[in-house]
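In the working numbering, the protein residues as written are 435 to 515.
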């Protein structure tokens, strides 16, 4: 899996096409390749409880619908893969 800017805790989305890096305030695109300051943010796709069932759709613990890019910062069930 190639990590991208949209998976970094320093990525701030402006809209679906672009964002800003919180560290250097430069404009970046969500699918840009990560930089040296990259820090992975908790997302469903990085959780051991997430099962991908279709492209861009899955489930958490096989009970709850979940999207791979859904942020899981406040999820009590989140566990890094």
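Even for Gly, the Cβ is constructed at its ideal location relative to N, Cα and C.
Per DSSP, which one or two residues make a beta bridge with residue i?
i: residue 499; result: 493
i: residue 445; result: 455
Spatial neighbours of residue i within its chain, please: CB distance less than 7 Å, with the 5 preceding and 5 following residues excluded, ordered by chain position.
i: residue 493; result: 485, 487, 499 and 500
i: residue 480; result: 474, 514 and 515
i: residue 512; result: 476, 481 and 506
i: residue 495; result: 483 and 511
If you count every other CB in all the chains shown that lies within 10 Å of the CB of residue i, and 16 or more means buried, which is it?
i: residue 506; result: buried
i: residue 448; result: exposed
i: residue 503; result: exposed
Within the continuous beta strand (DSSP E) that includes residue i, where are the two ends?
i: residue 484; result: 484-488
Could you tell me if the beta carbon of residue i falls within a distance shorter than 7 Å of some heavy atom in the ligand SAH?
i: residue 441; result: Of the ligands one can find in the structure shown there are none, so the ligand SAH has no counterpart to examine.
Spatial neighbours of residue i within its chain, please: CB distance less than 6 Å, with the 5 preceding and 5 following residues excluded, ordered by chain position.
i: residue 440; result: 464
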